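Below is one structure; the comments refer to it alone.
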Amino acid sequence: MDIEEFRKAGYQAIDRICDYYASLQERPVVSQVQPGYLVDALPSNPPEQAEDFNSIADDFQKMILPGITNWQHPNFFAYFPTACSLEGILGDLYSSSVSNPGFNWLSSPACTELEQVVMDWCAKLIGLGDHFLNKSGVGGGVIQTTASEACIVICVAARARYVRENPEAKLEDLVIYTTTQTHSLGVKAGLVLGLEVRALPVKPEDEYGLRGETLHQALAEDHAQGKRPFVLIGTVGTTSSGAVDNLEEIGEVLKEHPSIWLHVDSAWAGVAMACPEYRAFGKLDAINKYAESYDTNFHKASMRLNSWGLVNFDASMLWVRSRKNLTDALDVTPEFLRTKQHDAGLVVDYRNWHLGLGRRFRSLKVWFVLRRYGIEGFRKHIREGVELNEYFASLVRASPSFELVTTPSLALSVFRLTLPPSVSSELEGKDETTVRTAQNDLNRAFHTRISAHSDKIFLTQTMLNDTFCVRFAVGAQRTRKAHVDAAWELVQENAREATEEWLQQRTKV
Numbered sequence: 035m036d037i038e039e040f041r042k043a044g045y046q047a048i049d050r051i052c053d054y055y056a057s058l059q060e061r062p063v064v065s066q067v068q069p070g071y072l073v074d075a076l077p078s079n080p081p082e083q084a085e086d087f088n089s090i091a092d093d094f095q096k097m098i099l100p101g102i103t104n105w106q107h108p109n110f111f112a113y114f115p116t117a118c119s120l121e122g123i124l125g126d127l128y129s130s131s132v133s134n135p136g137f138n139w140l141s142s143p144a145c146t147e148l149e150q151v152v153m154d155w156c157a158k159l160i161g162l163g164d165h166f167l168n169k170s171g172v173g174g175g176v177i178q179t180t181a182s183e184a185c186i187v188i189c190v191a192a193r194a195r196y197v198r199e200n201p202e203a204k205l206e207d208l209v210i211y212t213t214t215q216t217h218s219l220g221v222k223a224g225l226v227l228g229l230e231v232r233a234l235p236v237k238p239e240d241e242y243g244l245r246g247e248t249l250h251q252a253l254a255e256d257h258a259q260g261k262r263p264f265v266l267i268g269t270v271g272t273t274s275s276g277a278v279d280n281l282e283e284i285g286e287v288l289k290e291h292p293s294i295w296l297h298v299d300s301a302w303a304g305v306a307m308a309c310p311e312y313r314a315f316g317k318l319d320a321i322n323k324y325a326e327s328y329d330t331n332f333h334k335a336s337m338r339l340n341s342w343g344l345v346n347f348d349a350s351m352l353w354v355r356s357r358k359n360l361t362d363a364l365d366v367t368p369e370f371l372r373t374k375q376h377d378a379g380l381v382v383d384y385r386n387w388h389l390g391l392g393r394r395f396r397s398l399k400v401w402f403v404l405r406r407y408g409i410e411g412f413r414k415h416i417r418e419g420v421e422l423n424e425y426f427a428s429l430v431r432a433s434p435s436f437e438l439v440t441t442p443s444l445a446l447s448v449f450r451l452t453l454p455p456s457v458s459s460e461l462e463g464k465d466e467t468t469v470r471t472a473q474n475d476l477n478r479a480f481h482t483r484i485s486a487h488s489d490k491i492f493l494t495q496t497m498l499n500d501t502f503c504v505r506f507a508v509g510a511q512r513t514r515k516a517h518v519d520a521a522w523e524l525v526q527e528n529a530r531e532a533t534e535e536w537l538q539q540r541t542k543v
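Taking our numbering, the leading residue of the sequence shown gets 35, the next gets one more, and so forth.
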């Protein structure tokens, strides 16, 4: 493809991307294809001869798009909307046009230095302390692919620091602490590193957040058994419910255990701290005081405009109090990667801050987005999303048929159907397990029914301890109050039908 052919194909691609976004409302939310549709449709071998690019581009429209679940759809209320702002798309395009591996400063100075600047911008945007800034020369920030990878990186660094400070420790005794509501990234880190993971219990009365006393008790138990907890993964905004661990209490407990690293994962909720009014919710003071590291995704959140961070996947922002803890664990510099700038200590080589050698020029798209929106535009975008979720929560509270399972968390509400009065009367005086089982069965039936309408709406389920419930995560660029109203109508309609069927089956039994 020569430059003029590329120009023509590029114009066509932009036109089709615009058409895609303009037509989202008419598309099904979830892809309606069956497993194997594309495997069966495509040839088993690559083409022997070059194909016309128009045919390739047309096949994307005909064969690929039908198999896409439209995360940017205004009726997508599942998981977390992934970002796809138009500014981010353009940033990605420019980044691809100057593709470089970014493994050291010399391979592309702008790639490294823009990331340093952008990470400091983002740290200041959400209120992180000066010790997390690259400019401090001690701590700093680095863009990872995902929060899961950031967690693995931190566990590697925390393990290295712990063993360095406790040389008598055996690897088989090391333990990663999570909670029963921590994202699976904690378990994944344990699997990758071959280390034990202990999930500490959390309670509904604590809004599913970890308390200091629970941590204190676990530490006493494990130390008595010769175990060596070395890192605790705290959370601000769990995936299941948006729960927030009590970082103040946790930090005070860990004062007595300085070798234990506190990492705070705030993958979807963290960027809400761009708004000063949400910083208390996000435990910002405790993070700045106690955390060794902090991560939030600018490519993920439960908001309109696809992501609070407004940045296309991937852009997971990781900050550490001490960069030396990363480089001590991850620095590998063979002779062919040495440079005079690195040897003189004049530059950052980000390959030593994460798992891989090469890396993408991710900071460019973040730079585009932050400059285009500005701090005020960024904050406006977050506040509008919170308002939409508060509106949905008000509909749940006003309904006699539903209840919130826990307090709404920014853009996430977790709710469930209540038992019909006839069943509540029937179960009066029964034990808690019997009542909960009945309510879980009803809500599974409800979620199964509404999931059958995935062309119109997409909701996901979760378990909070032993309670089955449904998540409503507000999101997507074109989501408005009218879409929330339409979603609520579907929720009520499917709830009525699911309840009627469930009651009939219950009567038969």
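Heads up, the beta-carbon is just placed ideally off N, CA and C, and yes, glycines get one too. All of these numbers come straight from a predicted model, not from anything done at the bench.
Exercise for review: Check whether the Cβ atoms of residue 64 and residue 395 sit closer than 8 Å, and answer yes or no.
Suggested key: no
Check your understanding: residue 484 and residue 423: beta carbons closer than 8 Å?
Key -> no
Check your understanding: Going by Cα to Cα distance, which pick from 416, 312, 86 is closest to residue 39?
Key -> 86
**Study point:** Spatial neighbours of residue 476 in its chain, beta-carbon cut-off 6 Å, leaving aside the 5 residues before and after
**Key:** 451, 536
**Study point:** Other residues of its chain near residue 170: CB distance less than 7 Å, five sequence neighbours each side excluded
**Key:** A distance below 7 Å between beta-carbons, with the five flanking residues on each side excluded, links residue 170 to the following residues of its chain, in chain order: 164.
Check your understanding: Where does residue 317 land, buried or exposed, given buried means 16+ other C-beta within 10 angstroms?
Key -> buried
Exercise for review: To the nearest angstrom, report how far apart residue 335 and residue 128 are at their CA atoms.
Suggested key: Its pLDDT being 44, under 50, residue 335 is placed unreliably by the model, and the measurement read from it follows with that caveat. For residue 335 and residue 128, the distance between alpha carbons rounds to 24 Å.
**Study point:** Straight-line Cα distance separating residue 183 from residue 499
**Key:** Taking the straight line from one Cα to the other gives about 26 Å.
Practice item. From the DSSP output, in three-state form, read off residue 524 for me. Key: In this structure, residue 524 counts as helix in the three-state DSSP scheme.
Check your understanding: Under three-state DSSP, which class holds residue 264?
Key -> strand
Point to revise | Coarse secondary structure for residue 139, derived from DSSP in three states | key: For residue 139, the secondary structure class from DSSP, reduced to helix, strand or coil, is helix.
Point to revise | Cβ-heavy atom distance, residue 151 to the ligand NAD, below 7 Å | key: Among the components modelled here there is no ligand, and therefore nothing to report on the ligand NAD.
**Study point:** Cα-Cα separation, residue 352 to residue 212
**Key:** 18 Å
Check your understanding: Is residue 412 helix, strand or coil by DSSP?
Key -> helix
Practice item. Could you round the C-beta distance between residue 167 and residue 157 to whole angstroms and report it? I think they count as a contact, below 8 Å. Key: 6 Å
Check your understanding: When the distance is taken between beta carbons, is residue 62 closer than 8 Å to residue 489?
Key -> yes
Point to revise | Every unbroken alpha helix (DSSP H) within the region 263-296, with a cutoff of 4 residues, ordered by chain | key: 281-288
Exercise for review: Determine the DSSP secondary structure at residue 491, reduced to helix, strand or coil.
Suggested key: coil
Exercise for review: Please name the residue in 66, 380, 51, 57 whose C-alpha comes closest to that of residue 487.
Suggested key: Ranking the options by Cα distance to residue 487, first place goes to 66.
Check your understanding: For the alpha helix (DSSP H) that contains residue 130, what are its first and last residues?
Key -> 120-131
Check your understanding: Among the residues of its own chain, which have a CB less than 6 Å from the CB of residue 191, if the five just before and after it don't count?
Key -> 359, 360, 363
Review point. So what's residue 41 in DSSP terms, helix, strand or just coil?
Key: helix
Point to revise | At least 3 beta-carbon pairs within less than 8 Å: the region 253-267 vs the region 301-313 | key: no
Review point. Is residue 331 closer than 8 Å to residue 399 when the C-beta atoms are compared?
Key: no
Point to revise | Bounding residues of the beta strand (DSSP E) (the contiguous stretch that carries residue 366) | key: Unbroken run through residue 366: none, as it is neither H nor E.
Point to revise | Segment limits, alpha helix (DSSP H) that includes residue 65 | key: No alpha helix (DSSP H) holds residue 65; DSSP gives it neither H nor E.
Review point. For the candidate residues 501, 482, 542, whose alpha-carbon lies nearest to that of residue 531?
Key: 482
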